[in-house]
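Residue numbers (this note's numbering), protein chains in the order written: chain A, 4 to 423; chain B, 269 to 546.
Just so it is clear, CB atoms sit at the ideal spot from N, CA and C, and this is done for glycine as well.
These figures come from a predicted structure and were not determined experimentally.
Just below is one structure, and these are the notes that go with it.
Shown next, in the form of structure tokens:
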């Protein structure tokens with residue numbers, strides 16, 4: 004910035020004295036800029052290609068809906084022009100009979116079956132069963148033939164789903180990830196209570212993350228304060244101890260906590276030897292274990308930004324306040340805390356944003372009821388193979404993370420949101 | 269701050285209480301690591317204290333089992349290639365960002381560092397879908413590309429930070445004395461920013477060497493890395509071999525951390541203006 008301010012007046016004065024030289028200067032500046040952009044280009048292209056593009060494609064999956072238009076093209080066309088109310092006419096039955104007949108015995112049948120199953124459990128079996136009994140006799144009514152194969156073809160709910168899901172884009176996954184669904188009339192409704200899992204999941208993710216953030220700040224603040232007041236040698240030793248776990252693989256630390264917290268682990272043995280408890284406390288594969296391990300993993304992210312702000316707080320301010328008669332508590336509340344607040348905000352943001360995305364630690368140290376959004380994104384990708392839903396959950400997680408970063412980044416400055 | 273006799277009792281109490289608390293927290297921070305360490309030398313079969321005796325058997329198992337040595341070699345290979353690519357690309361980008369002034373610069377900087385801010389599980393799943401579409405799942409290239417994307421921001425940030433204290437007149441002086449741009453880079457710019465480049469590359473290596481989630485999604489057993497192998501062991505049944513593997517993983521990171529701190533101290537010394545008092 005300062006270089007720019009000092010460069011432009013010079014080029015202006017040069018331009019006044021000698022227009023030919025000015026042209027030369029601007030040509031050489033342009034050449035320099037091109038050279039610098041050429042240095043930047045590989046990283047920008049790399050990041051765009053292997054980070055932005057995959058992320059964008061993944062996000063797009065949450066609204067992408069190619070299956071019905073690809074595998075059931077005739078049905079999709081009829082459904083698009085149908086009102087969606089009641090039972091469709093003969094043309095719709097003929098279309099789906101022709102579509103199913105065309106993909107009979109092919110992998111596509113399984114794919115479209117899986118897709119419709121997300122919205123209507125049992126649809127896959129119906130399609131497989133129907134396809135096996137196709138084609139229908141020449142000249143017969145497709146409607147009668149399909150209903151003869153399975154009564155479900157007369158069910159308006161089935162056709163409602165086909166109608167709703169026949170577009171190129173769908174809001175189905177995003178709604179599902181909010182425990183919502185659309186009635187055949189197009190109204191938003193909550194899904195049946197026993198199917199509501201995602202709102203609970205967000206609540207759990209938030210409550211674990213907020214607990215971890217609060218604990219990290221409560222523990223990290225006094226530690227950072229002591230470090231900031233310590234002598235140079237002591238401070239650098241303490242800093243080293245804070246940094247060792249920071250540099251240690253998260254996996255190793257999570258593993259260590261499993262070993263430490265298990266029933267025969269050191270923590271339970273020590274507590275029993277001290278006579279505090281008589282039987283082992285359940286500390287691992289539950290919420291307590293997740294919170295202990297996550298606080299351990301994330302504590303350096305709280306300590307370091309707070310410490311770096313505290314180091315810059317001059318003791319003179321505190322002494323001035325004290326000499327004016329403020330009690331230690333008042334000095335702390337009215338001088339020290341406000342001065343260190345940017346560090347607290349930065350540390351809290353970092354811890355919170357990192358913890359909402361946690362996957363490995365809860366997977367290792369938690370039980371089935373302690374898993375957070377990250378786990379379900381992985382689950383719907385690997386085990387349940389519902390990529391649209393994985394992507395919808397990912398989109399919500401990303402929105403939360405981006406919103407917090409932007410809000411607090413604006414508030415405390417983006418350069419503070421870095422640990423070292 | 270001087271804590272003379274005039275310091276109120278309450279403040280001194282708060283201070284010593286704070287100190288005791290801090291020591292307890294520091295023990296909490298390093299304890300798990302110092303628990304894994306002795307357990308890896310146990311002569312028994314179980315991960316319990318007190319140790320029945322000391323033995324190197326689990327290290328022998330680690331360094332002779334092809335499952336573990338293969339994982340270690342994979343991690344080293346992927347880590348080294350990632351480091352080279354990320355360091356070259358990231359250093360170039362930092363030099364470009366430092367030297368250029370244009371309107372989109374803050375946007376480009378933000379683009380280059382965002383991979384750090386996105387939860388890694390999202391990056392991993394995105395990489396999985398993307399690489400599946402281009403047939404790179406289960407390949408070394410796929411894993412390296414994903415790791416470079418993750419490590420690149422660290423290099424850009426570290427080298428950019430070093431360049432902040434870099435006097436732009438030095439390369440100009442070299443150029444005015446007739447040095448070619450390449451010679452200026454080799455003899456002036458690079459030696460000045462070398463500590464930053466080195467710490468960036470250490471960062472890149474550790475990022476790749478410790479990375480688990482991406483490896484879980486996009487590797488096949490052939491490219492299993494050390495973290496992935498440890499993870500699958502932990503999810504099944506923790507044997508002492510895992511603690512030996514964890515110690516190996518840990519030693520590499522801690523040694524590199526010490527290197528990094530040394531480099532940081534060195535570069536801070538180099539950047540301090542002549543005559544300025546600390």
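Please report the straight-line C-alpha distance between residue i and residue j, rounded to a whole angstrom.
i: residue 341 of chain B; j: residue 331 of chain B; result: 11 Å
i: residue 29 of chain A; j: residue 413 of chain B; result: 39 Å
i: residue 422 of chain A; j: residue 308 of chain A; result: Low per-residue confidence applies at residue 422 of chain A: pLDDT is 48, beneath 50, and the placement is therefore not dependable, though the value from the model is reported in the following sentence. Using only the alpha carbons, I get a separation of about 6 Å.
i: residue 402 of chain B; j: residue 180 of chain A; result: 28 Å
i: residue 505 of chain B; j: residue 105 of chain A; result: 49 Å
i: residue 79 of chain A; j: residue 472 of chain B; result: 49 Å
i: residue 334 of chain A; j: residue 318 of chain A; result: 11 Å
i: residue 356 of chain A; j: residue 441 of chain B; result: 45 Å
i: residue 291 of chain B; j: residue 315 of chain A; result: 23 Å
i: residue 267 of chain A; j: residue 358 of chain A; result: 28 Å
i: residue 489 of chain B; j: residue 114 of chain A; result: 27 Å
i: residue 322 of chain B; j: residue 208 of chain A; result: 42 Å
i: residue 280 of chain B; j: residue 349 of chain A; result: 29 Å
i: residue 461 of chain A; j: residue 380 of chain A; result: Past the edges of chain A, shown from 4 to 423, lies residue 461 of chain A, and the structure says nothing about it.
i: residue 5 of chain A; j: residue 295 of chain A; result: For residue 5 of chain A, the predicted model reports a pLDDT of 39, less than 50, meaning its position is unreliable and no value from the coordinates is stated.
i: residue 116 of chain A; j: residue 379 of chain B; result: 40 Å
i: residue 424 of chain B; j: residue 73 of chain A; result: 43 Å
i: residue 313 of chain B; j: residue 285 of chain A; result: 23 Å
i: residue 92 of chain A; j: residue 156 of chain A; result: 12 Å
i: residue 122 of chain A; j: residue 138 of chain A; result: 26 Å
i: residue 10 of chain A; j: residue 46 of chain A; result: Residue confidence is low: residue 10 of chain A scores 44 on pLDDT, short of 50, so the model does not pin down where it sits. Its coordinate-derived value is still stated next. Roughly 28 Å between the two C-alpha positions.
i: residue 37 of chain A; j: residue 346 of chain B; result: 33 Å
i: residue 526 of chain B; j: residue 216 of chain A; result: 28 Å
i: residue 249 of chain A; j: residue 237 of chain A; result: 19 Å
i: residue 44 of chain A; j: residue 483 of chain B; result: 27 Å
Thinking C-beta only, is residue j closer than 9 Å to residue i?
i: residue 182 of chain A; j: residue 202 of chain A; result: yes
i: residue 377 of chain A; j: residue 389 of chain B; result: yes
i: residue 354 of chain A; j: residue 219 of chain A; result: yes
i: residue 468 of chain B; j: residue 426 of chain B; result: yes
i: residue 323 of chain A; j: residue 331 of chain A; result: no
i: residue 339 of chain A; j: residue 327 of chain A; result: no
i: residue 547 of chain B; j: residue 455 of chain B; result: Absent from the structure is residue 547 of chain B, since the part of chain B shown begins at 269 and ends at 546.
i: residue 184 of chain A; j: residue 178 of chain A; result: yes
i: residue 429 of chain A; j: residue 289 of chain B; result: As shown, chain A starts at 4 and ends at 423. That puts residue 429 of chain A outside it, with no answer to give.
i: residue 415 of chain B; j: residue 361 of chain B; result: no
i: residue 410 of chain B; j: residue 399 of chain B; result: yes
i: residue 67 of chain A; j: residue 172 of chain A; result: yes
i: residue 222 of chain B; j: residue 404 of chain A; result: No answer is possible for residue 222 of chain B: it lies beyond the span of chain B, which begins at 269 and ends at 546.
i: residue 383 of chain B; j: residue 376 of chain B; result: no
Which residue or residues does DSSP assign as beta-bridge partners of residue i?
i: residue 191 of chain A; result: A:185
i: residue 67 of chain A; result: A:172
i: residue 322 of chain B; result: B:310
Can you tell me where the alpha helix (DSSP H) with residue i in it begins and where it stops?
i: residue 250 of chain A; result: 235-250
i: residue 336 of chain B; result: 334-367
i: residue 434 of chain B; result: Residue 434 of chain B -> no alpha helix (DSSP H), and no H or E assigned at all.
i: residue 384 of chain A; result: 376-385
i: residue 317 of chain B; result: Unbroken run through residue 317 of chain B: none, as it is neither H nor E.
i: residue 120 of chain A; result: 110-122
i: residue 374 of chain B; result: 373-385
Cα-Cα, which of the options is closest to residue i?
i: residue 344 of chain B; options: B:478, B:421 and B:277; result: B:478
i: residue 311 of chain B; options: B:530, B:511 and B:516; result: B:511
i: residue 223 of chain A; options: B:294, B:517 and B:364; result: B:294
i: residue 513 of chain B; options: B:503, B:528 and B:497; result: B:497
i: residue 188 of chain A; options: A:170, A:162 and A:200; result: A:162
i: residue 2 of chain A; options: A:214, A:351 and A:134; result: As displayed, chain A neither begins before 4 nor continues past 423, which places residue 2 of chain A out of reach and without an answer.
i: residue 41 of chain A; options: B:334, B:365, B:318 and B:321; result: B:365
i: residue 145 of chain A; options: A:130, A:366 and A:95; result: A:95
i: residue 262 of chain A; options: B:299, B:321 and B:287; result: B:299
i: residue 287 of chain A; options: A:216, A:369 and A:256; result: A:369
i: residue 211 of chain A; options: A:64, A:152, A:403 and A:291; result: A:291
i: residue 486 of chain B; options: B:367, B:393, B:315 and B:439; result: B:393
i: residue 158 of chain A; options: A:111, A:89 and A:388; result: A:89
i: residue 360 of chain A; options: B:297, B:350, B:385 and B:470; result: B:385
i: residue 335 of chain B; options: B:494, B:517 and B:524; result: B:494
i: residue 371 of chain A; options: A:399, A:289, A:398 and A:311; result: A:289
i: residue 270 of chain A; options: B:287, B:318 and B:527; result: B:318
i: residue 100 of chain A; options: A:84, A:108, A:134 and A:190; result: A:134
i: residue 507 of chain B; options: B:329, B:283 and B:286; result: B:329
Just to confirm, does residue i get its C-beta within under 8 Å of one of the non-hydrogen atoms of the ligand MN?
i: residue 88 of chain A; result: Of ligands this structure carries none, so the ligand MN is not represented either.
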